[in-house]
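Numbering (the working numbering), first residue to last: 144 to 214.
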């Protein structure tokens, strides 16, 4: 399957998005995820649809982490 991927440099220095990028690769497809909060905390999975992306949750992440959750 041919995929079109946005170049990594397009995501550098995004305003209001201070989160370190993490990636999984499954069957040749790279998937980005955010991993914030205490490593032993309850995990909350925030899923977005197409065409949105994790930037959508940039204001929610700090509130949830402050509540002791892992995002």
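Just so it is clear, CB atoms sit at the ideal spot from N, CA and C, and this is done for glycine as well.
When the Cα atoms are used, residue 163 and residue 170 turn out to be separated by approximately 23 Å. Following the DSSP letters along the chain, one finds residue 167 inside the beta strand (DSSP E) bounded by residues 165-169. For residue 214 against residue 179, the beta-carbon gap comes to about 5 Å, under 8 Å, which counts as contact. DSSP, read as helix, strand or coil, puts residue 206 in helix. Around residue 186, the same chain offers 213 as residues with beta carbons nearer than 7 Å, after the five sequence neighbours per side are excluded.
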